[in-house]
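Student: If you scroll down you'll find the structure; I have some questions about it.
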Amino acid sequence: MELRDAILLLHPAIAVIVVFPLIGIVVNFALQVRQRRLQTIAIGKSKIPPVVGTEHVQLGRWLTGSVVGIVLLALANDVFGHIVDQQIWMKSPFQVIFIALLFAATIASLYLLYRAKAKNWRGIFATLSGVGLVVLGCQDGVYRKTDQWYISHYYYGQVAALLMIFSLAILPDIYKDKTNRWRKVHIILNCIALLLFIGQGITGVRSLLEVPLRWQEPYINKLYEQKCETNPCTIQAPSLLPKPE
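Under the numbering used here, the first residue of the sequence shown is numbered 5, with each subsequent residue one higher.
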């Protein structure tokens with residue numbers, strides 16, 4: 005296994021070790037927060053401690069950073085792997101510099117979103133973070149499977165990350181809005197995100213089966229080129245190919 009293969013495995017490893025446990029905890033706290041609110045409205049008190057609200061918010065902020073972080077990690081592996089394979093820095097160095105700056109700007113925008121208090125600044129940094137993710141995802145080398153976007157691990161991940169960024173941006177407004185409009189938006193969007201995370205678990209396993217190791221790529225590409233999924237064919241190892249006379 006080469007270094008690139010090991011880096012590729014960091015994405016699912018972090019998802020399993022960090023992201024999915026966080027999702028379970030955040031969902032559990034969200035249900036407790038809602039149950040406490042309903043009990044308080046109905047009978048004026050609840051046995052659920054008020055601290056669950058604070059913990060839900062704190063872990064939700066960690067979840068947003070984790071989701072966006074592993075998306076950026078996967079994009080960096082694909083994009084810079086393509087740059088190395090195709091020697092893009094020799095052909096178009098300014099493109100490489102732009103991509104590197106875009107990664108830095110996206111990370112900086114997310115950091116500033118965490119720090120921002122004013123509504124306008126939160127909107128600006130959330131927009132910049134989202135645009136950065138989308139533009140980076142459009143770069144060559146990213147494993148997208150656009151022809152099957154409805155079951156694509158990439159598109160599920162991008163939408164989930166954008167929803168997390170938006171939820172982080174509106175977080176202070178949830179507690180200021182007396183009409184509960186933002187609270188309802190938050191609940192609806194995060195229910196959609198939860199479904200996307202479930203889809204991520206399924207499509208992620210599929211992607212691990214489809215993405216070959218570095219030494220396997222030439223053979224796998226030949227299989228696709230010769231349409232071996234529908235036609236019988238044989239792929240020889242390069243060392244076994246007949247030498248030209």
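The beta carbon of each residue, even a glycine, is placed where N, CA and C say it ideally should be.
For residue 231, does the three-state DSSP call read helix, strand or coil?
Tutor: Three-state result, residue 231: coil.
Student: For a minimum of 4 consecutive residues, which ranges assigned as the alpha helix (DSSP H) are wholly contained in the segment 152-215?
Tutor: If we require 4 residues or more, the alpha helix (DSSP H) runs fully inside the segment 152-215 come out as 157-180, 185-214.
Student: Over what stretch of residues does the alpha helix (DSSP H) that includes residue 82 continue unbroken?
Tutor: 55-90 is the extent of the alpha helix (DSSP H) around residue 82.
Student: Our contact map puts residue 169 next to residue 130 with C-beta atoms below 8 Å; I'd like the distance itself, whole angstroms only.
Tutor: Right, the Cβ-Cβ distance comes to about 5 Å (below 8 Å), so this counts as a contact.
Student: Using only the alpha-carbon positions, how far apart do residue 73 and residue 171 sit?
Tutor: Roughly 16 Å separates the two Cα atoms.
Student: Counting C-beta neighbours from all protein chains within 10 Å, is the total for residue 152 16 or more, i.e. buried, or is it exposed?
Tutor: Its Cβ having fewer than 16 others within 10 Å, residue 152 is exposed.
Student: Can you list, in chain order, the residues of its chain with a C-beta nearer than 6 Å to that of residue 126? Leave out the 5 residues immediately preceding and following it.
Tutor: 120, 173, listed in sequence order.
Student: Spatial neighbours of residue 62 within its chain, please: CB distance less than 6 Å, with the 5 preceding and 5 following residues excluded, ordered by chain position.
Tutor: Counting only Cβ-Cβ distances below 6 Å, and skipping sequence neighbours, we find nothing.
Student: Kindly list the residues whose CB is nearer than 7 Å to the CB of residue 85, restricted to its own chain and excluding five residues on each side of it in sequence; keep chain order.
Tutor: Excluding sequence neighbours, residue 85 sits near 8, 145.
Student: What do you get for residue 110, buried or exposed, if any count of 16 or more other CB atoms within 10 angstroms of its CB means buried?
Tutor: Residue 110 should be labelled buried.
Student: Can you tell me where the alpha helix (DSSP H) holding residue 28 begins and where it ends?
Tutor: Run containing residue 28: 24-47, per the alpha helix (DSSP H) assignment.
Student: So the alpha helix (DSSP H) residue 118 belongs to, where does it begin and stop?
Tutor: First-last of the alpha helix (DSSP H) with residue 118: 97-119.
Student: Measure the C-alpha to C-alpha separation of residue 182 and residue 11 and round it to an integer number of angstroms.
Tutor: Taking the straight line joining both Cα atoms gives about 46 Å.
Student: For residue 146, which three-state DSSP category applies?
Tutor: If DSSP states are grouped into helix, strand and coil, residue 146 belongs with coil.
Student: Just the C-alpha distance for residue 177 and residue 186, rounded to the nearest angstrom, thanks.
Tutor: Whole-angstrom Cα-Cα distance: 7 Å.
Student: Report the residue from 104, 224, 43 whose alpha carbon sits nearest the alpha carbon of residue 77.
Tutor: Among 104, 224, 43, the Cα nearest to that of residue 77 belongs to 104.
Student: Where does residue 58 land, buried or exposed, given buried means 16+ other C-beta within 10 angstroms?
Tutor: Classification of residue 58: exposed, given that the 10 Å Cβ count is below 16.
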